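So the sequence shown is numbered by the working numbering: it starts at 1468 and just counts up by one.
The C-beta atom is built at its ideal place from N, Cα and C for all residues, glycine as well.
The model shown is predicted, which means the values in this text are computed figures rather than measured ones.
Remarks on the structure that follows.
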Amino acid sequence: MQPSPVANTLNLTASPTQFYTWQNYRCAYELHQPTNSTHEGIPLLLIHPIGVGLSRQFWQRFCGKWYSTGYRNPIYNPDLLGCGESDMPSVAYTPQDWAEQLHYFLQSVVQKPVIVVVQGALLPVAIELVQKELNLIAGLILAGPPAWPVITKKSPEWQQKLIWNILDSPFGNAFYRYARTSKFLRSFSTRQLFGSEDAVDAEWLNTLVLGAENTTSRYAVFSFLAGFWRQNYAKNLTVIKQPTLVVVGETASSISKEGKQETPDERLVDYLACLPQGRGIKLPGRNVLPYESTVEFVAAIAPFIAEFS
């Protein structure tokens, strides 16, 4: 995958792909930071979603808008193991695995407090990370978190293993080859992710198609589809001491049947009732707000981030 065009179009220090080693795996990340900045502010650590073709490239539109709006915070944008330019071992990944990767990244690469910005159903990774790291996470921003009935219901282990075994097969390989076609990606994005069909643009589809070229990326996707992230995290949320901003789309929906009856307002209320230092906001858009509603998302989270500077 080519380095992000963001570094070429904005007044940033060069941000080619950089690498670090975790558990003998080569892991990729980008560090964006503006040049000639007298006040940078607290760094952001971005956690990208998991899906066909998804990687740290999900955040490039957000990074571009963040800096073009005038903000100067350094942004650490890593590829999770199994995604993007990080190694892709043929294993089942859990939120604990990715949290351990990011914990090492925080301690060995970043080495300073950050605000974690996590997209969608990768919230369990952020929850696990907060439990591991006491000193380097100052706050959290939850962009389009899962429906409350989903994040608080554990799926049976036998079901997780069954789905994994079905997907980790010639059938799953064939399914992934179909799922990475532009036709499927457009249909899925329109039905499940975006509030407007017009928002499913060529930039989005081309990024996913390119990201899915390496079929070994299917293992991260299959791990997500198997539901290894589906645990009851209600208690874990109640002990998050850091200030947390919950950002929900005005037309937010849920792929899982458990959350289909929930309204965006109900989702906000449930999260804020559970988080000790939670606050929330609704924005135009559906489930991928940093991409679909980038301008509004930047404007919504900027005051929260400024409180830490």
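Beta bridge counterpart(s) of residue i as assigned by DSSP
i, result
"L1607", "V1583 and T1711"
"N1699", "T1619"
"T1779", "In the structure displayed, the chain extends from 1468 to 1776; residue 1779 sits before or after that span and is not available."
"L1513", "V1584"
DSSP state of residue i mapped onto helix, strand, coil
i, result
"F1775", "coil"
"Q1578", "coil"
"C1741", "helix"
"N1544", "strand"
"R1647", "coil"
"I1748", "strand"
"L1808", "Outside the shown range of the chain (1468 to 1776) lies residue 1808, about which nothing can therefore be said."
"G1639", "helix"
"G1678", "helix"
Closest Cα partner of residue i within the set the options
i, options, result
"N1632", "L1692, V1577, Q1485 and W1671", "L1692"
"H1499", "N1491, P1637, Y1487 and L1512", "L1512"
"V1762", "C1494, C1530 and F1486", "C1530"
"G1611", "G1747, A1766, W1533 and A1773", "G1747"
"A1559", "L1569, Y1534, S1553 and L1548", "L1548"
"W1615", "T1730, K1628, D1635 and W1565", "T1730"
"I1618", "Y1738, S1760, K1579 and T1711", "Y1738"
"S1649", "N1602, Q1659 and T1674", "T1674"
"K1628", "R1493, T1561, I1772 and S1654", "T1561"
Residue i versus residue j: straight-line alpha-carbon distance, rounded
i, j, result
"Q1728", "Y1758", "25 Å"
"T1705", "L1607", "14 Å"
"D1546", "S1663", "27 Å"
"P1743", "A1605", "14 Å"
"A1593", "I1768", "17 Å"
"L1589", "N1754", "13 Å"
"L1750", "R1644", "34 Å"
"Q1469", "A1740", "The predicted model places Q1469 with a pLDDT of 32, which falls under 50 and marks its position as unreliable, so this point remains unresolved."
"L1634", "E1774", "45 Å"
"T1657", "V1667", "7 Å"
"R1685", "I1722", "19 Å"
Cβ-Cβ distance between residue i and residue j below 8 Å
i, j, result
"P1510", "N1544", "no"
"R1523", "H1515", "yes"
"V1519", "V1736", "no"
"G1694", "Q1626", "yes"
"H1620", "N1699", "Per the sequence presented here, residue 1620 reads as Lys, with His not at that position. For K1620 and N1699, yes; Cβs fall inside 8 Å."
"N1640", "T1683", "no"
"V1714", "L1756", "yes"
"W1671", "P1591", "no"
Minimum Cβ-Cβ distance from residue i to chain B less than 8 Å
i, result
"S1649", "No chain B appears in the structure shown, which is made up of a single protein chain."
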